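Taking the numbering used here, the leading residue of the sequence shown gets 1, the next gets one more, and so forth.
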Amino acid sequence: MEHALGATIFRGPDLLGITRALQRHPRADREQLQAFQDAKLRHLLVHAYENVPYYRKLFDRHRLHPRHIRGAVDLDMIPITTTQDMHGLPPSELVARGADPASLVPVDYASPGESFVVRRSRLEQEFHVMFRQRAYESFGLGLRARIAVVDARHPAGPNETKLLGRWLSAMGVHPTLRVDGSQEPGAVVEQLRAFRPDLITSQPALLLSVADHLLATDDRRVRPRIVAAGGELLTPAVRRRLAEAFGVAPLQTYASQEFQLLAWECRVGGHLHACDDGAIIEVLRDGRPALPGEEGELVATNLHAYAMPFIRYRLPDVATRGDAPCACGQPFSVIGALRPAPLNG
Numbered sequence: 001m002e003h004a005l006g007a008t009i010f011r012g013p014d015l016l017g018i019t020r021a022l023q024r025h026p027r028a029d030r031e032q033l034q035a036f037q038d039a040k041l042r043h044l045l046v047h048a049y050e051n052v053p054y055y056r057k058l059f060d061r062h063r064l065h066p067r068h069i070r071g072a073v074d075l076d077m078i079p080i081t082t083t084q085d086m087h088g089l090p091p092s093e094l095v096a097r098g099a100d101p102a103s104l105v106p107v108d109y110a111s112p113g114e115s116f117v118v119r120r121s122r123l124e125q126e127f128h129v130m131f132r133q134r135a136y137e138s139f140g141l142g143l144r145a146r147i148a149v150v151d152a153r154h155p156a157g158p159n160e161t162k163l164l165g166r167w168l169s170a171m172g173v174h175p176t177l178r179v180d181g182s183q184e185p186g187a188v189v190e191q192l193r194a195f196r197p198d199l200i201t202s203q204p205a206l207l208l209s210v211a212d213h214l215l216a217t218d219d220r221r222v223r224p225r226i227v228a229a230g231g232e233l234l235t236p237a238v239r240r241r242l243a244e245a246f247g248v249a250p251l252q253t254y255a256s257q258e259f260q261l262l263a264w265e266c267r268v269g270g271h272l273h274a275c276d277d278g279a280i281i282e283v284l285r286d287g288r289p290a291l292p293g294e295e296g297e298l299v300a301t302n303l304h305a306y307a308m309p310f311i312r313y314r315l316p317d318v319a320t321r322g323d324a325p326c327a328c329g330q331p332f333s334v335i336g337a338l339r340p341a342p343l344n345g
């Protein structure tokens with residue numbers, strides 16, 4: 001999709017084509033999914049090289065050109081980028097030509113005076129709704145199911161509104177209640193009782209606060225069918241506590257500010273499915289691809305971030321590489337256990 005901003009045309013991701021792909025990929029085979037991945041990667045690399053100064057300089061410094069990259073198999077030719085590499089650079093180095101930083105959605109709010117802020121176009125915001133919607137469907141959530149979002153983050157600004165989410169809500173899809181998680185747990189519980197959600201989604205710490213209140217008061221009236229935790233990693237102890245309080249085992253979703261949903265927990269196999277059509281996720285051990293069952297650092301490439309690309313970007317977690325397709329039959333690659341990376345790692 002093209003947006004005329006000033007004298008330059010900013011070419012963003014193809015919303016319609018990707019929407020169709022997301023619908024068919026759970027029933028596709030692995031080869032079709034990999035072909036989609038490779039095609040999107042090649043297109044992204046050309047865009048980043050031609051329009052984003054940071055990546056132009058990175059490629060030129062290592063005598064690389066997008067034509068050298070056939071697909072994910074050649075990703076190791078591209079140097080890994082870290083937050084520290086981008087920190088301190090002006091938006092003009094990180095944001096694509098033609099994309100006005102002031103019109104983009106600031107996703108990661110930096111401290112005053114800091115220049116590194118994750119930015120997305122309004123179109124790219126919609127991908128977050130689409131990928132989460134697909135994960136909810138895999139959880140067994142129907143279109144009319146009620147969703148409660150417990151969130152203590154900043155209120156959404158005018159540029160952050162996800163139009164697709166508002167449209168779905170207007171159509172009666174997933175009636176949603178947003179609950180201020182900074183309230184006393186008892187007040188949160190009262191709102192959840194009245195709404196009777198099928199799905200409760202929040203950060204583990206907020207869910208744990210609600211769970212502790214439910215257990216302390218022996219309250220069994222908040223009984224969703226699904227509890228989904230994101231923003232932080234679930235520990236075994238927190239999993240047990242949430243299951244005891246809500247009467248259902250919680251499911252992990254995994255994302256970051258720089259990416260849309262990266263992975264979601266499969267109810268059948270118990271692994272995390274990687275969103276292979278949204279990002280290329282690498283598990284690296286000592287710089288090489290980890291073997292099945294080995295733990296390694298996570299490096300990811302956002303296939304649909306054009307306003308501010310993230311290519312081979314190191315994430316602050318480590319994971320165990322999964323082995324073989326999931327028992328559910330979907331073609332997505334598998335990630336095993338996740339945990340935060342050591343501070344000195």
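Virtual Cβ for every residue (Gly too), placed ideally from N, Cα, C.
Since the structure is predicted, the reported quantities are computational estimates derived from the model, not experimental observations.
Exercise. Could you give the residue range of the beta strand (DSSP E) that holds Thr82?
Worked result: For the purposes of this step, residue 82 is identified with residue 82 of the sequence shown, where counting begins at 1. Neither: Thr82 is in no beta strand (DSSP E) and is coded neither H nor E.
Problem set entry | Identified DSSP bridge partners for Ile200 | Counting from 1 along the sequence shown, the entry for residue 200 is found at position 200. In the DSSP output, where bridge partners are listed per residue, Ile200 has Ala148, Val227.
For this session: Report the rounded CA-to-CA distance for Ala305 versus Thr82, giving the unit in angstroms.
Result: Start at 1 with the first residue of the sequence shown, and residue 305 comes out as number 305. Start at 1 with the first residue of the sequence shown, and residue 82 comes out as number 82. One C-alpha to the other measures close to 16 Å.
For this session: Compute the Euclidean distance between the alpha carbons of Asp14 and Leu207, then round it to the nearest angstrom.
Result: The residue given as residue 14 occupies position 14 in the sequence shown. The residue given as residue 207 occupies position 207 in the sequence shown. Approximately 36 Å, taken between the alpha carbons.
Problem set entry | CA nearest to the CA of Ser209, picked from Gly186, Arg225, Phe195 | Mapped onto the sequence shown, residue 209 falls at position 209. Residue Gly186 is the option with its Cα nearest to Ser209.
For this session: Could I get the ranges of all uninterrupted alpha helix (DSSP H) runs contained in the stretch 18-62, with 4 residues as the minimum, in chain order?
Result: Those alpha helix (DSSP H) runs which fall completely within the stretch 18-62 and span 4+ residues are 30-51, 53-61.
Exercise. Under the criterion of a Cβ to heavy atom distance below 7 Å, does Val238 qualify as lining the ligand GTP?
Worked result: The model depicted lacks the ligand GTP and carries no ligand whatsoever.
Exercise. Just curious, the alpha helix (DSSP H) that Arg128 is in, first and last residue?
Worked result: As a working note, residue 128 is residue 128 in the sequence shown. It is worth fixing the name first, because residue 128 is His in this sequence and not Arg. His128 -> alpha helix (DSSP H) spans 122-138.
Problem set entry | Inter-residue spacing [alpha-carbon to alpha-carbon] between Val188 and Arg221 | Against the sequence shown, residue 188 aligns to sequence position 188. Against the sequence shown, residue 221 aligns to sequence position 221. About 13 Å.
For this session: Give every residue of the same chain whose Cβ lies closer than 7 Å to the Cβ of Ala341, excluding the five residues on either side of it in the sequence, and list them in chain order.
Result: As a position in the sequence shown, residue 341 is number 341, starting the count at 1. Here the set comprises Glu297, Pro316, Asp317, Val318.
Exercise. Are Arg119 and Met308 touching if we call contact CB-CB under 8 Å?
Worked result: Locating residue 119 in the sequence shown gives position 119, where the first residue counts as 1. Locating residue 308 in the sequence shown gives position 308, where the first residue counts as 1. Taking 8 Å as the Cβ cut-off, Arg119 and Met308 qualify as a contacting pair.
For this session: Report all residues from its chain with a CB closer than 6 Å to the CB of Ile335; omit the five preceding and five following residues, and keep chain order.
Result: Along the sequence shown, read from residue 1 onward, the residue named residue 335 stands at position 335. Cβ within range, chain order: Ala263, Leu272, Ala274, Ala319, Gly322.
For this session: Can you say whether Thr161 is buried or exposed, counting buried as having 16 or more other CB atoms within 10 angstroms of its CB?
Result: Taking the sequence shown and counting its residues from 1, one reaches residue 161 at position 161. Annotation note: pLDDT 48 at Thr161 (below 50); position unreliable, no value reported.
For this session: Just grab the DSSP bridge partners of His273 for me.
Result: Within the sequence shown, residue 273 is the residue found at index 273, counting from 1. Its beta-bridge partners are Trp264, Val334.
Exercise. Where do the ends of the beta strand (DSSP E) carrying Leu315 lie?
Worked result: Here residue 315 refers to the residue found at position 315 when the sequence shown is read from its first residue. That run of the beta strand (DSSP E) goes 313-321.
Exercise. So, helix, strand or coil for Asp14, using DSSP?
Worked result: The count along the sequence shown starts at 1 and reaches residue 14 at position 14. For Asp14, the three-state secondary structure derived from DSSP is coil.
For this session: Measure the Cβ-Cβ separation of Thr301 and Leu22 and say whether it is below 8 Å.
Result: Mapped onto the sequence shown, residue 301 falls at position 301. Mapped onto the sequence shown, residue 22 falls at position 22. Going by C-beta atoms, Thr301 is not nearer than 8 Å to Leu22.
Exercise. Three or more C-beta pairs closer than 8 Å, one from the stretch 72-80 and one from the stretch 88-100: is that the case here?
Worked result: Proximity of the stretch 72-80 to the stretch 88-100 falls short of the contact definition, fewer than three beta-carbon pairs being nearer than 8 Å.
Exercise. Looking at the structure shown, is Phe310 part of a helix, part of a strand, or coil, going by DSSP?
Worked result: On the sequence shown, position 310 is the one that residue 310 refers to. Phe310: coil per DSSP, three-state reduction.
Exercise. Any idea what DSSP makes of Arg220, helix, strand or coil?
Worked result: Within the sequence shown, residue 220 is the residue found at index 220, counting from 1. Correct three-state label for Arg220: coil.
For this session: Compute the beta-carbon to beta-carbon distance between Val227 and Pro250, rounded to the nearest angstrom, for a pair I have assumed lies under 8 Å.
Result: Position 227 of the sequence shown, counting from 1, holds the residue named residue 227. Position 250 of the sequence shown, counting from 1, holds the residue named residue 250. A Cβ-Cβ distance of about 4 Å is found for the pair Val227 and Pro250, placing them in contact under the 8 Å criterion.
Exercise. In chain order, what residues of the same chain have a beta carbon less than 8 Å from the beta carbon of Ala156, not counting five sequence neighbours either side?
Worked result: Taking the sequence shown and counting its residues from 1, one reaches residue 156 at position 156. With a pLDDT of 49 at Ala156, under the threshold of 50, the modelled position of this residue cannot be trusted, and the question is left open.
For this session: Report the option in Gly287, Phe310, His25 whose CA atom is closest to the CA atom of Ala135.
Result: Start at 1 with the first residue of the sequence shown, and residue 135 comes out as number 135. If we check each option's Cα against that of Ala135, His25 comes out closest.
Problem set entry | Delimiting residues of the beta strand (DSSP E) encompassing Val73 | On the sequence shown, position 73 is the one that residue 73 refers to. Segment: none, Val73 is in no beta strand (DSSP E) and carries neither H nor E.
Problem set entry | Cβ pair count under 8 Å reaching 3, the stretch 174-186 against the stretch 142-151 | Yes, they touch.
Problem set entry | Short Cβ contact (8 Å threshold) for Arg241 with Leu199 | If you number the sequence shown from 1, residue 241 lands on position 241. If you number the sequence shown from 1, residue 199 lands on position 199. Cβ atoms of Arg241 and Leu199: not closer than 8 Å.
Exercise. Would DSSP call Glu160 helix, strand or coil?
Worked result: For the purposes of this step, residue 160 is taken as residue 160 along the sequence shown, with counting starting at 1. Any reading at Glu160 must be qualified, since the residue scores a pLDDT of 44, below 50, and its modelled position is unreliable; the value itself is stated next. DSSP places Glu160 within a helical segment (H, G or I) once states are collapsed to three.
Exercise. How is the beta strand (DSSP E) around Val299 delimited, first residue to last?
Worked result: Position 299 of the sequence shown, counted from the start, is the residue given in the question as residue 299. Looking at the DSSP string, the run of the beta strand (DSSP E) that includes Val299 is 295-302.
Exercise. Counting along the chain, where does the beta strand (DSSP E) carrying Ser256 start and finish?
Worked result: Position 256 of the sequence shown, counted from the first residue, corresponds to residue 256. Going by DSSP, Ser256 is part of the beta strand (DSSP E) stretching over 251-256.
Exercise. Given that a residue counts as buried once 16 or more other Cβ atoms are within 10 Å of its Cβ, and exposed if not, what is Thr253?
Worked result: As a first step, residue 253 must be located in the sequence shown, where it is residue number 253. A residue is called buried when at least 16 other Cβ atoms come within 10 angstroms of its Cβ; Thr253 meets this threshold and is buried.
Exercise. Rounded to the nearest angstrom, how far is the Cβ of Ala327 from that of Val268, given a contact under 8 Å?
Worked result: Position 327 of the sequence shown holds residue 327. Position 268 of the sequence shown holds residue 268. For Ala327 against Val268, the beta-carbon gap comes to about 5 Å, under 8 Å, which counts as contact.
For this session: Take Ala245 as the anchor and find which of Ala255, Leu261, Ala216 has the nearest alpha-carbon.
Result: Residue mapping note: residue 245 aligns to position 245 of the sequence shown, counting from 1. Nearest of Ala255, Leu261, Ala216 to Ala245, Cα basis: Ala216.
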